[in-house]
Every structure is written in structure tokens, then in C-alpha cells.
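Structure first, commentary second.
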Amino acid sequence: MKIDRIDVIRVLNPFRHPFETSFTRFVNRDALLIKIYSEGLAGWGECKSFYGPFYNPEDNGTVLHVLKDHIVPRILHTDVESPESFMQSVQMIRGNRLAKAAVENALWDLMVQRTGHSLKTLLGGTQNEIKVGVSLGMEGDINELLQEIDHYLSLGYHRTKLKIKPGADLSVLRAVRKEFPDITLTVDANSAYTLKDIDLFRAMDEFRLQYIEQPLGEEDIVDHAVLQKEIQTPVCLDESIVSYEAAEAAIRLGSCRVINIKSSRCGGLWEGRRIHDLCLKKGIPVWCGGMTELGIGRAQNISFASLPGFSGLAHDIAAADRYFERDITDPMVQITPRCTVEVPDDTGNIVYHADEKAIDSMAAGHWIWR
Ligand code: OSB
Ligand code: MG
Numbered sequence: 001m002k003i004d005r006i007d008v009i010r011v012l013n014p015f016r017h018p019f020e021t022s023f024t025r026f027v028n029r030d031a032l033l034i035k036i037y038s039e040g041l042a043g044w045g046e047c048k049s050f051y052g053p054f055y056n057p058e059d060n061g062t063v064l065h066v067l068k069d070h071i072v073p074r075i076l077h078t079d080v081e082s083p084e085s086f087m088q089s090v091q092m093i094r095g096n097r098l099a100k101a102a103v104e105n106a107l108w109d110l111m112v113q114r115t116g117h118s119l120k121t122l123l124g125g126t127q128n129e130i131k132v133g134v135s136l137g138m139e140g141d142i143n144e145l146l147q148e149i150d151h152y153l154s155l156g157y158h159r160t161k162l163k164i165k166p167g168a169d170l171s172v173l174r175a176v177r178k179e180f181p182d183i184t185l186t187v188d189a190n191s192a193y194t195l196k197d198i199d200l201f202r203a204m205d206e207f208r209l210q211y212i213e214q215p216l217g218e219e220d221i222v223d224h225a226v227l228q229k230e231i232q233t234p235v236c237l238d239e240s241i242v243s244y245e246a247a248e249a250a251i252r253l254g255s256c257r258v259i260n261i262k263s264s265r266c267g268g269l270w271e272g273r274r275i276h277d278l279c280l281k282k283g284i285p286v287w288c289g290g291m292t293e294l295g296i297g298r299a300q301n302i303s304f305a306s307l308p309g310f311s312g313l314a315h316d317i318a319a320a321d322r323y324f325e326r327d328i329t330d331p332m333v334q335i336t337p338r339c340t341v342e343v344p345d346d347t348g349n350i351v352y353h354a355d356e357k358a359i360d361s362m363a364a365g366h367w368i369w370r
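Letter 295 of the sequence shown, counting from 1, is numbered 295 in my numbering, and no numbers are missing.
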């Protein structure tokens, strides 16, 4: 694929309701889109970084810098054979996986258009539809949170995930379990705790959580192993799983019993699939995580989650209108009456086109390299 031109477009899309985590409160999805022109086609990718380096070390500023100064000069006007060969060609750039993944995802989109096959087919997906769960931001008022839970249960969401942080953990769980004793419930701490809080996690066992997501720091793979041995509830790692090697270490050490795979956090779909295959082989349940994506990233997550290992747990792939009034794909991602999302396949059952009018209306910056 000859790379003729690369555009990066910054878009700002307001959340219908602010999304609060242990690390920040999001008001807008401030995202970078990448459009790669090749031989008369244009492939789209969505970068999953945020406005600040709070979830992981990258943010929109570092991504823009790495794209502009290090990735674009390496690939513009060259012939890139595949997403895999692209990843090899940027191996000298350490880390910066969200930046690499954005380009990698656009290359997959070009492959889809060149071959006429769906991303599901190219990746080796096997599922026609996948089960979805909802991730709820923190609310100052517990009654508001209880109402939200009720709302998403009424829509059929298969799992409810609550964000927690020190001071808003056991009390929240107590209130939620009192109201909803039997729902499939998980919590996500986004690295807000340390091993000193081990008694708090012991106390969580009584709430019968499906798993506790990323209680400790990104680099605390050993501490997570200590924690996992001391509690009954499965630990699920998110931030810590930055690569195949990290996943292998976590599995070997017993740091978790579940893994949330976000392919972008690991450098793209190619690396994400390797981690999926490893977990399938090792019997580690996996699910596809989310980063409050806009439609381009959301649609690619759906195809990724059609891989065979993603058949058990519910995914953080909600309907687009769970977050946004308007999205950047036509159609917007929707859920079925069974609260699943259908996977686009080679029959053309669903095609998520980039909605360039919507993108223009949200644009807050545009960079072009040609
Ligand atoms: O840790 O899974 C996370 C959102 C932003 C950053 C990190 C996370 C999240 C979510 C939302 O939990 C998942 C989604 O619905 O996209
Ligand atoms: Mg998480």
C-alpha cells in the first residue's frame, strides 16, 4: 500500500453526561482521527489517547508529536505491505503504542477496502454478535448512580461496571448490592490503590463481583500477584497489559484471572490478537475493553471482539448513544434487543462509514502531510 497522504483531525464531541473515573472527569471526547490516503482509497483510524496522560503515559499531545516527527516521516511515500510490517518498521520507537495503533488501525481499514473482506474476516473472527456491558462513571449522589444502573439494566446490558476510588468503594458497593443483589457486577479502580489497601479488597469478596479491574498500578504486576493470592474475587488487568510480554508475565505470575484486552493500548489489532491467542491457549478469560471511543474506534473494537476467545464475558462496547448525541459514523453503533452488537461481515450486513459532515462539525484541528 503506497502511502500518498496522511491527515490527522482533532475532534471534540461532548459527552451527554460527564464520565468520571478515579483519574479524571471527562466532559468531551477529545480525539485524534487519522486518515491515510493510498492508491485512490482512504483508510480511517481513531487514536484512543485522551487530552491528558492520566489513564496511561500517552496523550493527544505526545501522539501528535510522535506521529509528526517519527511515524509519518517513516511511512509517507513508502510502500507498506501490511499492518504487521508497519509495526516492524516502527519498532525502534519505544512504547507510544496508542500512536502506533492509530496508524495500524487505518492500515487495517485500507486492507478491508482493498480486499473487499470485512475486518472480522481479515482478523479471523468467528462470532456474529457479541454481548455488551456498561461502564458507569462515578456519581457524587448515590441515588443518581442507582438510577443509572436501573436504566442500563432495563436496556438489557449484560454486566454493570462501577468506577471506584479511595473513599468511594465499599460504601458504594454496599448501596448497590442492597438494591441489586443478583446482577453481574464488576468494579474498575484504574490503578487508584496500592498493596497497603489489601484489607479493603479482602472485604470486597462479600459482594460477589465478577472481577476487580486494575486495582493497583500499571507496573505492579508482582503486587497484583500478591493481591490475587489473598482474595477470592478474580483480578482483571487492564492498564498493566501493555504488550504480549506483559500478558505472559501476568499469567505466569498469577497476577490476574481475567484480562481486559484493549488492542490500542498494546499497539494495535495485530498485537491484540496475539494476546487473545495466548489467553485462549492458557485458559484466561478475556473481554474487549473500551476507551469511550467514537464510532470509528468502536466499530473496529466490535470486529476485534468477534475473535473466538471473546465469547464469554461482556465487553465495554456500548451503543454509541450511551455516550454521545451524535457520532462520527453512519450508522451509529446500536445494540440489538438482546443487548448484543452485530459484527459487520463480508455480506455487507452493516458498514460503518466515516460521517465526514459530522467530523467537520466537531473538528478542532487538522494536520496534513503529503
Ligand atoms: O479503564 O476501562 C477503563 C474509559 C476511559 C478510560 C479507561 C477506561 C474507561 C472505561 C469506559 O471504563 C469503557 C467504555 O465504555 O468505553
Ligand atoms: Mg479499565
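C-beta: ideal position from N, C-alpha, C; glycine also.
Practice task
Tell me, to the nearest whole angstrom, how far the beta carbon of residue 35 is from that of residue 106; I am working on the premise that it is less than 8 Å.
Solution key: Residue 35 to residue 106, Cβ: 7 Å. Contact.
Handout entry: residue 114 and residue 1 closer than 9 Å at C-beta
Key = The Cβ atoms of residue 114 and residue 1 sit closer than 9 Å to each other.
Practice task
Compute the distance between the beta-carbons of residue 123 and residue 273, then report whether it is under 9 Å.
Solution key: Result yes, Cβ atoms of residue 123 and residue 273 sit closer than 9 Å.
Exercise for the section: State yes or no: is the C-beta of residue 55 nearer than 8 Å to some heavy atom of the ligand OSB? Expected result: For the ligand OSB, at least one heavy atom lies less than 8 Å from the Cβ of residue 55.
Handout entry: Cutoff 6 Å; reference residue 258; Cβ partners in own chain excluding five residues on either side
Key = Cβ neighbours of residue 258 beyond the five flanking positions: 211, 234, 236 and 285.
Problem - Reduced DSSP secondary structure (H/G/I, E/B, other) of residue 151 - result: In this structure, residue 151 counts as helix in the three-state DSSP scheme.
Practice task
Go ahead and pull the three-state DSSP assignment for residue 248.
Solution key: Residue 248 falls in the helix class under three-state DSSP.
Practice task
Say yes only if the C-beta of residue 214 is nearer than 8 Å to one or more non-hydrogen atoms of the ligand MG, and no if none qualify.
Solution key: Residue 214 Cβ: within cutoff of the ligand MG.
Practice task
Report yes or no: do the region 134 to 145 and the region 296 to 307 share at least 3 C-beta pairs separated by less than 8 Å?
Solution key: The region 134 to 145, when compared against the region 296 to 307, does not touch it at the 8 Å Cβ threshold.
Practice task
Using the DSSP secondary-structure output, state which residues sit across from residue 50 in a beta bridge.
Solution key: Residue 50 pairs with nothing; no bridge assigned.
Handout entry: Straight-line gap, residue 70 to residue 53 (C-alpha atoms, nearest Å)
Key = It is roughly 19 Å from the alpha-carbon of residue 70 to the alpha-carbon of residue 53.
Problem - Straight-line Cα distance separating residue 361 from residue 252 - result: Rounded to whole angstroms, residue 252 to residue 361 spans 48 Å at the Cα level.
Handout entry: Within 9 Å, strictly: CB atoms of residue 372 and residue 135
Key = Here the chain has residues from 1 to 370 only, and residue 372 is not among them.
Handout entry: Close Cβ partners of residue 319 (< 7 Å) along its chain, the five nearest in sequence each way excluded
Key = Cβ-Cβ distances below 7 Å link residue 319 to 333, 334 and 335 in the same chain, with the five nearest sequence neighbours on each side left out; the list follows chain order.
Handout entry: residue 97 and residue 8 closer than 9 Å at C-beta
Key = It is not a contact, given that the beta carbons lie outside the stated cut-off.
Practice task
Kindly examine the ligand OSB and report whether one of its heavy atoms sits closer than 8 Å to the Cβ of residue 293.
Solution key: Yes - the ligand OSB has a heavy atom lying nearer than 8 Å to the Cβ of residue 293.
Practice task
Taking 8 Å as the threshold, find out whether the region 220 to 232 comes into contact with the region 44 to 63 through three or more Cβ pairs.
Solution key: Counting C-beta pairs closer than 8 Å gives fewer than three between the region 220 to 232 and the region 44 to 63, which falls short of the contact rule.
Practice task
Could you tell me whether any non-hydrogen atom of the ligand MG is closer than 8 Å to the CB of residue 220?
Solution key: Not so, every heavy atom of the ligand MG lies at least 8 Å from the Cβ.
Problem - residue 128 versus 367, 264 and 342, residue with shortest Cα-Cα distance - result: Among 367, 264 and 342, the Cα nearest to that of residue 128 is on 342.
Exercise for the section: Could you tell me the distance, in whole angstroms, from the CA atom of residue 246 to the CA atom of residue 186? Expected result: Put simply, the backbone Cα of residue 246 is about 23 Å away from that of residue 186.
Exercise for the section: Please classify residue 218: is it buried, with 16 or more other beta-carbons within 10 angstroms of its beta-carbon, or exposed? Expected result: Flag for residue 218 reads buried.
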